[in-house]
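Novice: Below you will find the structure I want to go over with you.
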Amino acid sequence: MAAFSTREPFPSILSLEDLTSPIVTLFVGPHATPMKAHKHILTKCQYFAKCLASGRFKESIDNEINLPDDDPVGFAKVVGFLYTHKLYYGNDSDTKLLARKLSGTSDHTSELISAHAMADKYCIKEMRTRVEALLDEALCAEHLAWRHFQQIEALGLRGFYLWQKLKKQVACDALSDLVSNSTGTLKAMLDDGLASDPDLQVELLREIAAAGSKYPLSAPSGFTWP
């Protein structure tokens, strides 16, 4: 992944330069949903700074950027973060922080995956770090489902940070289940669709073996890998 970052640390208060800079229209998604943002705010991110660099590209002349492959709701999180340095859900009528809403649920995990992918795509290091901190606080196998791995794969991020993090979490909880003579975590994931991905099964077995190499384990009675 490219190593862009923000132009400068995010201020706690928007400056006059922020609020008086030209308005840029972003056409987001397959239906070209229009979104507007101040140019000085967008160029805090080097990704947009390059697009809007004076005289270099058509976008800098028209103050318009087309983003046909992005989801408008997901992209709104990016704009919201550039303005506030906080993670919102992306709906103007919903001012609840992502850090507080649905915390520790399966839906919350999906939202964090989406936000992390957007931060990664636009190389916003501060946003990515914030999402990773939230994942560290909230992530547990109880709220992980096969659909989360599918979501990451659909984003083209299989094998990258999110994939590895979720895989390690499932393996850790599965090891805990094995120690306590339970099949909870693995059984739930298998029932949810993991059985359809033999490559991930092997990855998880390797993670469990690595984590449990110091401890003598025996599989619970009745548990078989498909």
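In terms of full-length UniProt numbering, the sequence shown opens at residue 1 and continues consecutively.
Just so you know, even glycine gets a beta-carbon here, dropped at the ideal spot from N, CA and C.
Keep in mind that this is a model prediction, so the values were computed, not measured.
(1) Cutting at 7 Å between CB atoms, please list the residues of its own chain near residue 144, excluding the five before and the five after it.
(2) Going by DSSP, which residues form a beta bridge with residue 34?
(3) Would a C-beta distance cut-off of 8 Å place residue 52 and residue 42 closer than the cut-off?
(4) I'd like to check one pair, residue 35 with residue 73: are the Cβ atoms closer than 8 Å?
(5) Start and end of the beta strand (DSSP E) containing residue 64?
(6) Examine the Cβ distances between the region 122 to 129 and the region 142 to 158 and report whether three or more of them are shorter than 8 Å.
(7) In three-state DSSP terms, what is residue 51?
(8) State the DSSP-derived secondary structure class of residue 161, mapped to helix, strand or coil.
(9) So residue 127 and residue 81 are supposed to be a Cβ contact under 8 Å. How far apart are they, rounded?
(10) Sorted by chain position, which residues of the same chain lie with C-beta nearer than 7 Å to residue 157's C-beta, five sequence neighbours on each side aside?
Specialist: By the coordinates alone:
(1) Translated into the one-based positions of the sequence shown, residue 144 becomes position 144. Taken in chain order, the residues that qualify are 109, 166, 169, 170.
(2) By one-based count along the sequence shown, residue 34 stands at place 34. For residue 34, DSSP records a beta bridge to 27.
(3) Stepping through the sequence shown from its first residue, residue 52 is reached at position 52. Stepping through the sequence shown from its first residue, residue 42 is reached at position 42. Cβ atoms of residue 52 and residue 42: closer than 8 Å.
(4) Position 73 of the sequence shown, counted from the first residue, corresponds to residue 73. Position 35 of the sequence shown, counted from the first residue, corresponds to residue 35. Taking 8 Å as the Cβ cut-off, residue 73 and residue 35 do not qualify as a contacting pair.
(5) Taking the first residue of the sequence shown as 1, we reach residue 64 at position 64. Per DSSP, residue 64 is one residue of the beta strand (DSSP E) stretching across 64 to 67.
(6) Between the region 122 to 129 and the region 142 to 158 there are fewer than three C-beta pairs closer than 8 Å, too few to call the two in contact.
(7) Your numbering for residue 51 matches position 51 in the sequence shown. Helix, per DSSP.
(8) As a first step, residue 161 must be located in the sequence shown, where it is residue number 161. Residue 161: helix per DSSP, three-state reduction.
(9) For the purposes of this step, residue 127 is identified with residue 127 of the sequence shown, where counting begins at 1. For the purposes of this step, residue 81 is identified with residue 81 of the sequence shown, where counting begins at 1. Rounded, the Cβ-Cβ distance is 5 Å, consistent with contact.
(10) Walking along the sequence shown from the start, residue 157 turns up at place 157. Result list for residue 157: 117, 163, in chain order.
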